[in-house]
Amino acid sequence: MRRVSIYDTMSRETRVFAPIVPPRVGLYVCGLTPYAPAHVGHGRVFVVFDVVARALRRWGYRVFYVQNVTNLDDKLIARAAEEDEDPLALADRHFATFLRSMERLGVRAVNYYPFATDYVPEILAQVRTLVDHEFAYVAADGSVYFEIAKFPRYGRLSGQRPSALQPGARVELDPRKRAPEDFVIWKAATPGEPSWESPWGPGRPGWHVEDTAMTGRLLGGRYDLHGGGADLIFPHHEAEIALSESATGEAPMVNYWMHVAFVILQGEKMSKSIGNVFDLDAAIEAAGPGALRLFYLNAHYRSPLDFVPEKTLVEAREAYARLSLPARRIDELLARDGPDRPGDRAPEELANAAELLVEELDDLIANDFNTREAIARLFEWTRRLSDAGGFDHLSGEALETLAQPYRWANEVLGLFERSEGTRAGAWETAIPLLIRIRARARERGDFAEADRIRDELAAAGIRLEDDAGATRWSFSDRK
Ligand SMILES: [Zn+2]
1 MRRVSIYDTM
11 SRETRVFAPI
21 VPPRVGLYVC
31 GLTPYAPAHV
41 GHGRVFVVFD
51 VVARALRRWG
61 YRVFYVQNVT
71 NLDDKLIARA
81 AEEDEDPLAL
91 ADRHFATFLR
101 SMERLGVRAV
111 NYYPFATDYV
121 PEILAQVRTL
131 VDHEFAYVAA
141 DGSVYFEIAK
151 FPRYGRLSGQ
161 RPSALQPGAR
171 VELDPRKRAP
181 EDFVIWKAAT
191 PGEPSWESPW
201 GPGRPGWHVE
211 DTAMTGRLLG
221 GRYDLHGGGA
231 DLIFPHHEAE
241 IALSESATGE
251 APMVNYWMHV
261 AFVILQGEKM
271 SKSIGNVFDL
281 DAAIEAAGPG
291 ALRLFYLNAH
301 YRSPLDFVPE
311 KTLVEAREAY
321 ARLSLPARRI
331 DELLARDGPD
341 RPGDRAPEEL
351 ANAAELLVEE
361 LDDLIANDFN
371 TREAIARLFE
381 WTRRLSDAGG
391 FDHLSGEALE
401 TLAQPYRWAN
411 EVLGLFERSE
421 GTRAGAWETA
431 IPLLIRIRAR
441 ARERGDFAEA
451 DRIRDELAAA
461 GIRLEDDAGA
471 TRWSFSDRK
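Every letter in the sequence shown is one number past the one before it in my numbering, and letter 455, counting from 1, is 455.
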């Protein structure tokens with residue numbers, strides 16, 4: 001396995017990655033609260049961790065990637081009330097849209113998307129443990145609070161103390177709490193909201209405890225890698241550490257913390273609560289999924305990324321078209337003539353350079369996921385290939401040799417996935433439909449119509465083959 005180093009938010013240094021039980025890697029990323037469509041800022045976080053998991057898997061690590069879905073919280077309940085919809089149904093609806101966006105973006109490294117409401121037994125068990133060991137207390141209304149004073153390490157990840165503990169801070173005191181910085185882990189039920197029975201009366205989970213109940217069940221009290229957006233460091237991830245380490249007695253909960261910097265729009269972090277958001281699906285539509293991934297990955301994940309609506313996506317599309325031109329041409333030739341196509345060998349210098357480049361690209365990504373430098377090297381490769389002239393005289397083997405850096409970029413960065421958004425999906429639906437229409441024409445003896453469909457598809461580059469009563473289709477050489 002390749003030696004990987006990761007900048008760890010907790011230790012504030014780049015450390016060699018050593019999984020607890022190699023080659024296994026437990027990876028947990030804070031996911032979406034699906035109360036509204038996802039925006040471009042969300043897309044960045046999930047593309048970055050898609051690349052992290054893809055790269056680790058390429059190098060032989062066996063990654064179990066869990067990304068939670070907060071399908072019940074205050075924002076969801078408020079939005080559902082506005083729209084007169086059941087909050088859980090609203091979350092399901094937005095999550096289904098989110099999954100389709102992820103599929104279009106080529107984000108498919110996640111193994112499991114657990115829903116908060118499916119882990120209520122684990123959440124209740126953790127709350128009960130915390131109450132039993134007096135890390136948490138029950139308020140008069142049946143809510144349960146974690147008592148920060150019981151966890152002296154609170155604040156180590158962020159270097160921040162709760163605002164209430166900062167000198168001069170003015171914090172409204174909630175009469176249910178012993179200290180203003182204590183946070184709720186079980187909320188007493190409000191009439192009309194979803195609730196579950198508990199030893200403290202009906203209620204629902206608080207935010208932070210859902211993560212630690214899930215990771216406790218799915219990844220254990222200690223695991224390898226935890227990720228999320230930089231906005232989650234405080235208080236969310238501090239709270240997770242306090243809950244898990246208090247409940248399990250095991251520390252550290254996580255060995256490496258990775259945080260992705262913000263996407264900036266109009267000078268501020270893109271955020272639904274601020275309102276300066278650009279819809280993720282609209283961005284995929286405008287730029288294409290490959291170009292959007294290029295935009296995300298053409299910066300180091302720890303650097304903020306500026307998004308200018310009328311400029312960013314146009315530039316990304318143009319850059320992507322330039323970067324992918326040789327890859328597209330090579331794929332066209334291989335698709336037309338097959339891998340055994342005759343022709344010249346690749347110039348030795350270029351063939352060697354292709355292999356060296358793949359090695360270099362792996363090294364760049366293994367060094368704290370330096371996608372920006374990797375993309376710079378891919379642009380250089382594209383320029384080098386254009387300078388070397390066309391490909392039409394090269395053999396299939398030579399083309400594959402020169403395509404290696406692009407194959408790498410597809411595997412690790414997900415940059416050259418074949419399915420470009422909805423269009424590939426449309427083919428998959430439209431062609432079988434035409435095949436069925438053609439079969440019906442033949443059944444009623446209208447062979448002229450059947451042949452016309454076949455010929456027009458052939459003219460459009462789609463070949464039909466009748467074989468033992470079934471018809472198969474493939475892309476053929478476009479004339
Ligand atoms: Zn979380």
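Glycine included, every Cβ here is placed at the ideal spot set by N, Cα and C. A quick note: this is a predicted structure, and the numbers were derived from the prediction, not measured.
Tell me which residues share the same chain as residue i and place their Cβ nearer than 6 angstroms to its Cβ, disregarding the 5 neighbours each side in the sequence.
i, result
"VAL4", "PHE17, ALA366"
"ARG15", "ASP8"
"PHE135", "LYS150, SER246"
"CYS30", "GLY228, LEU232"
"ALA424", "In this predicted model, ALA424 has a pLDDT of only 42, less than 50, meaning its place in the structure is not dependable; the value taken from the coordinates is given anyway. So the list is empty, once near-sequence residues are dropped."
"ARG2", "TRP59, ALA366"
"VAL127", "VAL144, ILE185, TRP186"
"THR371", "LEU297"
"SER419", "Because SER419 carries a pLDDT of 45, less than 50, the predicted location of this residue cannot be relied on, and no value is offered for it."
"VAL48", "VAL260, TYR301"
"ALA242", "PHE151, TYR154"
"ALA534", "Nothing about residue 534 can be reported from this structure: the residues present for the chain run from 1 to 479 only."
DSSP state of residue i, grouped into three classes?
i, result
"VAL110", "coil"
"TYR154", "coil"
"HIS393", "coil"
"ARG176", "coil"
"VAL412", "helix"
"GLU268", "strand"
"ARG423", "Any reading at ARG423 needs caution, since the residue's pLDDT is 44, under 50, leaving its predicted position unreliable; the model's value is listed next. Note: ARG423 maps to helix in three-state DSSP."
"SER198", "coil"
"ILE241", "helix"
"LEU297", "helix"
"SER5", "strand"
"SER101", "helix"
"SER11", "coil"
"GLN160", "coil"
"GLY60", "coil"
"ASN367", "strand"
"VAL263", "strand"
"PHE115", "strand"
"VAL277", "coil"
"ASP92", "helix"
"ASP340", "coil"
Once the 5 residues before and after residue i are set aside, which same chain residues still bring their CB inside 8 angstroms of it?
i, result
"GLY201", "GLY142, ALA188, ALA189"
"GLU465", "THR471, ARG472, TRP473, SER474"
"VAL25", "PRO19, LEU56, TYR61, ARG62, VAL63, PHE64, ASP224, LEU225"
"ARG176", "ALA139, ALA140, ASP141, SER143, TYR145"
"PHE183", "TYR145, PHE146, ILE148, GLY206, HIS208, PRO235, ALA239"
"LEU361", "ALA374, ARG377, LEU378, PRO405, TRP408, ALA409, VAL412"
"LEU219", "GLY26, TYR28, PHE64, VAL66"
"ARG217", "TYR119, GLU122"
"THR422", "Bear in mind that a pLDDT of 38 at THR422, under 50, signals an unreliable position, so the number given afterwards is only what the model happens to contain. Excluding sequence neighbours, THR422 sits near ARG104."
Is it the case that the CB of residue i approaches a heavy atom of ligand 3 more closely than 7 angstroms?
i, result
"PHE17", "Ligand 3 is absent from the structure shown, which contains only ligand 1."
Just list the residues that DSSP pairs residue i with in beta bridges.
i, result
"VAL184", "TYR145"
"TRP257", "HIS226"
"LEU464", "TRP473"
"PRO205", "TRP186"
"ARG24", "ARG62"
"LEU305", "VAL263"
"VAL29", "GLN67, GLY227"
"ALA495", "Outside the displayed range of the chain (1 to 479) lies residue 495, so it cannot be described from this structure."
"HIS236", "Answer by DSSP bridge pairing: none, since HIS236 is not bridged."
Going along the chain, which residues of its own chain have a beta-carbon closer than 7 angstroms to the beta-carbon of residue i, five neighbours each way excluded?
i, result
"SER395", "ARG341, PRO342, GLY343, ASP344, ARG345"
"GLU83", "LEU90"
"SER101", "ALA38, LEU280, ASP281, ILE284"
"LEU385", "PRO326, LEU402"
"GLU411", "ARG54, ARG58"
"ILE431", "ILE462, TRP473"
"ASP368", "SER5, ILE6, TYR7, THR14"
Residues whose Cβ lies closer than 5 angstroms to any heavy atom of ligand 1, in chain order = CYS30, ASP211
Contact the stretch 313-333 vs the stretch 440-448: 3+ CB pairs below 8 angstroms = no
Counting pairs of beta carbons, one from the stretch 277-288 and one from the stretch 337-351, are three or more of them closer than 8 angstroms?
-> no
Given 8 angstroms as the limit, is there contact between the stretch 223-232 and the stretch 111-131, that is, 3 or more CB pairs closer than that?
-> no
Does the stretch 253-263 touch the stretch 58-76, meaning 3 or more C-beta pairs lie closer than 8 angstroms?
-> no
Touching or not, the stretch 88-101 and the stretch 37-45, by the rule of three or more beta carbon pairs under 8 angstroms?
-> yes
Between the stretch 392-412 and the stretch 332-339, are three or more C-beta pairs nearer than 8 angstroms?
-> yes
Would you call the stretch 73-88 and the stretch 40-51 in contact, with 3 or more CB pairs under 8 angstroms?
-> no
Inter-stretch contact (C-beta, 8 angstroms, three-pair minimum) for the stretch 292-310 and the stretch 257-270 | yes
Taking one C-beta from the stretch 357-364 and one from the stretch 374-381 each time, how about it: are there three or more such pairs within less than 8 angstroms?
-> yes
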